[in-house]
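Engineer: First, the structure itself, so that you have it in front of you.
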Amino acid sequence: MRTAQEVLDRLGKVEDDAHASGDEGIMLLAVRKDTAAALAGADGDYQPLVADATGKLHVTSSGTTTTTPNASEVHLGEVGGNGIEITVTPTLTVGATYVSGDFVGTSSTGMTFANAARVSGGTGRITRANLHDYVVASVAAELWLFSVTPAGLPADSAAFTLTDNLTCIGVIPFNTYYASALNSISNGEIPNGGIPYKCATTSLFGALVTRGAPAYTNGLVSVTIFCDRD
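In the working numbering, the protein residues as written are -16 to 213.
Below, the structure is given as structure tokens:
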């Protein structure tokens, strides 16, 4: 027969003591109360803990719960992908007979391919590109693409220059044309797997450079890119 002191000694546990199989103690019981309600007669009285039908303890939040998400965005893949076709017709400041190596567009300003990314700083891949030539000049050209507005572009119909090529994500050449009586189109040469990109915002930017001597006037040349957005 244990003495009262022995019983108390076996029930007591030292702080931070390790658990061992067969430890003795006093079971803590709670009262089932499917709807939380006070069981004591007055404020300040002792009462048992109460739990619902599933055994969950009824508790009251002490304030606002703050949740920190693991990611800034959760986006599940979409059936059919998230592709977009973007066509830009540059406004030609000069609009003349160009020579090989000339910049074609608004003086000192690149083309903006808006919504190339779903979100600011988003990524994607260019899978196709077309050059639409409405004067049927059908001359070789290049589309230089950038993640930000390119710096150092020349005037329209001037030799193409660039002061910062670190933001260039790729160059798409146009060589072979398929012509009709009214216009011609060239499919850009893109490597297998496409051209990956990461936008600074949601747009890509481009500069069209001719490698021939087309007589473009305003509104008679356009570029289309096809993007698979992540």
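Don't be surprised by glycine CBs; every beta carbon is placed ideally from N, CA and C. In this text the structure is predicted, and so the values were computed from the model without any measurement.
#1: In chain order, what residues of the same chain have a beta carbon less than 7 Å from the beta carbon of Gly78, not counting five sequence neighbours either side?
#2: Can you tell me whether Pro197 is buried or exposed? The criterion is at least 16 other CB atoms within 10 Å of its CB, across all chains shown.
#3: Suppose contacts are defined by Cβ-Cβ distances below 8 Å. Is Thr185 in contact with Asn98 by that definition?
#4: Going by beta-carbon coordinates alone, are Asn113 and Ile178 separated by less than 8 Å?
#5: Going by DSSP in three states, Gly63 sits in which element: helix, strand or coil?
#6: When DSSP labels each residue in this structure, what does Leu145 get in the three-state scheme?
#7: Between the Cα of Phe157 and those of Arg194, Pro73, Arg108 and Asn175, spot the shortest distance and give me the residue it belongs to.
#8: Along the chain, where does the beta strand (DSSP E) that runs through Asn201 open and close?
#9: Would Ile271 be called buried (16 or more neighbouring beta carbons within 10 Å of its own) or exposed?
#10: Taking the C-alpha atoms as reference points, what is the distance between Asp213 and Glu125?
#11: For His115, which residues in the same chain have their Cβ closer than 6 Å to its Cβ, ignoring the five residues on either side in sequence?
#12: With DSSP collapsed to three states, give me the class of Arg15.
#13: What are the boundary residues of the beta strand (DSSP E) that Ser167 is part of?
#14: When you compare only the Cα positions, how much space is there between Val14 and Tyr29?
#15: From which residue to which residue does the beta strand (DSSP E) around Met94 run?
#16: Compute the distance between the beta-carbons of Leu136 and Ala190, then report whether it is under 8 Å.
#17: What is the DSSP secondary structure of Thr116, reduced to helix, strand or coil?
#18: May I have the straight-line CA-CA distance separating Ser103 from Asp211, to the nearest angstrom?
#19: Which residue's Cα is closest to the Cα of Leu32: Glu172, Val42 and Ser130?
#20: Using the Cα positions of Glu68 and Tyr117, report the straight-line distance between them to the nearest angstrom.
#21: Using CA coordinates, which residue listed in Ala1, His2, Leu40 and Leu12 is at the minimum distance from Ala19?
#22: Roughly how many angstroms lie between the CA atoms of Phe143 and Gly84, to the nearest whole one?
#23: Would you identify the three-state DSSP class for Tyr180, choosing helix, strand or coil?
Structural biologist: Looking at the atomic coordinates:
#1: Contacts found: Tyr199, Thr200 and Asn201.
#2: Taking all protein chains in view, the Cβ of Pro197 is crowded by 16 or more other Cβ atoms within 10 Å, so the residue is classified as buried.
#3: Closer than 8 Å, so yes.
#4: no
#5: Unreliable positioning characterises Gly63 in this predicted model, as indicated by a pLDDT of 49, which lies under 50. A coordinate reading is not provided.
#6: coil
#7: Arg194
#8: Note, Asn201: premise wrong, no beta strand (DSSP E); not H, not E.
#9: A question about residue 271 goes unanswered here, because the residues of the chain that appear run from -16 up to 213.
#10: One C-alpha to the other measures close to 26 Å.
#11: Ile168 and Ser205
#12: Annotated three-state conformation of Arg15 is strand, per DSSP.
#13: Ser167 to Asn170
#14: Each residue's Cα considered, the two are about 13 Å apart.
#15: Met94 to Phe96
#16: yes
#17: Reading off the sequence, residue 116 comes out as Asp, not Thr. DSSP places Asp116 in strand when its eight states are reduced to three.
#18: The alpha-carbon atoms of Ser103 and Asp211 are separated by roughly 15 Å.
#19: Val42
#20: 19 Å
#21: Leu40
#22: 6 Å
#23: strand
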